[in-house]
Structures are given as structure tokens and as C-alpha cells.
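Residue numbers (this note's numbering): 36 to 376.
The C-beta atom is built at its ideal place from N, Cα and C for all residues, glycine as well.
Owing to the predicted nature of the structure, the values given are computational and were not obtained by experimental measurement.
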Amino acid sequence: MLMKLQLSLSVILLLACGFLYKFTLKSSCLFPHLPPYKSQQGLEALLGHARSIVFLETSERMELSPLVSCAVESAAKVYAEQPVLFLMKGLNNSMQLPPNSTSPALSLLSAIDNVFLFPLDMKSLFEDTPLFSWYTQINSSAERYWLHVSSDASRLAFIWKYGGVYMDTDVISIRPIPEDNFLAAQTSRFSSNGVFGFLPHHPFLWQCMENFVENYNSDIWGHQGPELMTRILRVWCKLRDFQEVSDLKCLNFSFLHPQRFYPISYVAWRRYYEAWDTEPSFNDSYALHLWNYMNREGRAVVRGSNTLVENLYRKHCPKSYRDLLQGPEGSVTGERGPGNK
């Protein structure tokens, strides 16, 4: 009798182990290049698995706009087998959302398999870079553009340390970027720092961090950002005008044509919030930078408006479109979103 009982228990145990193995295997197959249990992954462990897409939030803000949600969701959709990291200063070190968080956008992003939210610890990030001494001596409360300057510094340090692609939170991804090392031309002979990508420890970024400190001037907006990138780009490259829609090669990285990310220039940013008779295909673009810094008027994306940006949401970030966009009367299907900020 005892032997029969032991045999029955052994069979049950083997069946349970087989089921657990199949379940684990299935979970891994759904997302083969990332660990199956995202809640257990530390930042360092995650970065070793695949090239990451990186977003930053250097304020304490936890209520995210639909545009931020769309940017992160669209990247997760385009780069489905790569980790999409969102580093937020407002997150604590427990790696969990604050218990009082009411942001529908954060809940939406947390539920996407390849999106990972992490605290942004600038002091730790700047260690072993030229930015560390600057950061430990700066009086941030006296800085006019601190949120922008700290973001400019953080993106340089992160991509230099770990590699990957950095994107601003108003960049909507539409197809994969084929380059490992690149800068994005905002206009001919002028670089953006809103999108760029490099392999770890690229010397271009190290030189950018050195220049950041040596020529620091926080009173000029963009001096530590796109103007910095452009200064160092001119040292590394003999720039010339773009010919048609072709990229420029510069030593061991590419300077990508403005059509790749900026088919609509900053002076025409309102075009995103207008209805078009015939919408552009953006066939030459990898992503679209929506120039949210220019949007001082607070233009929102409205459901049913048939604007270019509404149609971009519908196609490239359908979950954000469904759950966060309000209609003309303020109604929204699903969870109520905070609106554009």
C-alpha cells in the first residue's frame, strides 16, 4: 500500500514538473531575448541581453501625458524583442510603482512585456564619467534649465556606459533604426540630441561629456544638448550638405538625414496637429520627433479630430490611443487619461 502511494505521488510530481517546464518554455518563447520574469530583473542584468531603447524623465513627475505613453509604447511595438527602458527620477529604489500612483499611462506601460521602469539615480549614473565632478559640485536649484541640462547629461552617460538608442519622450517610432552608431540630423549640418545611438564606450560620447564640463554654460538653452553634439560632430566630421535622402558616413558612425526623424521641421510643428488632405507616408523615416517643447499652446491630441498626430497614435501606439485619448467633450474610452501637458 505504501509503495503504491509513493508511486502515485511520484507520477503526480513528474506530471507537475512537466507542466511547469512546458509553461516556462512557452513563456520564454513568447519573448526569447528577454528574461521571462521582468519583475526580478535588475538594470545591469537586463542590459546584458539585448540592445536597449532608452527614455528618461528627470523631473519628479509621475503623471505621464498620452504623448509620453505613445512614445514608449511605439518603441516597444517596433523593437518587440528588445528591452525598452524608462528611467524616472520619481521612482523609488523598490522598483515598484508608488502605492498612490494614479497614472493610467504608467499602468499601461507597466503591462507591456518589454517595457521596464527603473529609478533614475544620476549620482550613480555619472560615476566613472567626466560628468561626476560637475554633478557633485553643481547647485541645481540655481540652474535655469536644470531639467533639460540634467537630461542632456544623463542620456550621454547612460548610452556611453551601456549602449543602445536614446529617444526623447515625444518621439514616435515607426520602423527599426538599422544603425548601431548614429546621430540624427535636425537640419543640414546641425545635429539633434533627441535621438541617437551608440555601442558602449564609444569615444564620441566620451568627448561629448568632456566638452559638456569644459564648456558648461547653462544660461543658453541647448548649449549642453544639440549644440554640444553639433560642436563635437564638427570636430569628427567634415560636414557637407545632404544629397537627396542619403545618410553621411563619418569615421565609425553615421549622420542620418533629417528625413529619418525630422521630416516636419520645428518651425512647422503645428502641422502634426492639423488634418491633411493627403497624409505623408514617412517612408524615409524611422521615427518622428513631435517637437513638444515648441507646444507652448498646449495643443492636445483629440480623438475624432482626424489630425495627423491622432492617426499616428491610432497606428503606432494603439493602446495609448484606446485608453488615454480624450474626445472633444473630454470623454475617453477605457481608463481616463491625464491629458497632454
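- Take the Cβ of residue 254 as the centre, count every other Cβ of all protein chains shown within 10 Å, and call the residue buried at 16 or more, exposed below. exposed
- Where do the ends of the beta strand (DSSP E) carrying residue 283 lie? 283 to 285
- What residue from 224, 331, 322 and 313 has the CA that sits closest to residue 351's CA? 322
- Query: Is DSSP giving residue 363 helix, strand or coil here?
  - Reply: coil
- Task: Identify which residue in 325, 174 and 285 has its Cα closest to the Cα of residue 345.
- Result: 325
- Message: Can you tell me whether residue 140 is buried or exposed? The criterion is at least 16 other CB atoms within 10 Å of its CB, across all chains shown.
- Response: buried
- Message: Report the CB separation of residue 230 from residue 203 in whole angstroms; it is logged as a contact under 8 Å.
- Response: 7 Å
- Message: In this structure, how does DSSP classify residue 145 when only helix, strand and coil are distinguished?
- Response: helix
- Task: Would you be able to state if there are at least three C-beta pairs under 8 Å between the stretch 80 to 96 and the stretch 183 to 197?
- Result: yes
- Message: Which residue marks the beginning of the beta strand (DSSP E) containing residue 91, and which one marks its end?
- Response: 88 to 92
- Query: The alpha helix (DSSP H) with residue 122 in it runs from where to where?
  - Reply: It is not in any alpha helix (DSSP H) - residue 122 instead sits in the beta strand (DSSP E) that spans 119 to 123.
- Determine which residues share a DSSP beta bridge with residue 208 and list them. 322
- Message: Do residue 220 and residue 288 have their beta-carbon atoms positioned less than 8 Å apart in this structure?
- Response: no
- Per DSSP, residue 336 is paired with what? Per DSSP, none; premise fails for residue 336.
- Message: Check whether the stretch 279 to 287 and the stretch 245 to 265 are in contact - that is, three or more C-beta pairs closer than 8 Å.
- Response: no
- Query: Which residue or residues does DSSP assign as beta-bridge partners of residue 277?
  - Reply: For residue 277, which the question treats as bridged, DSSP gives no partner whatsoever.
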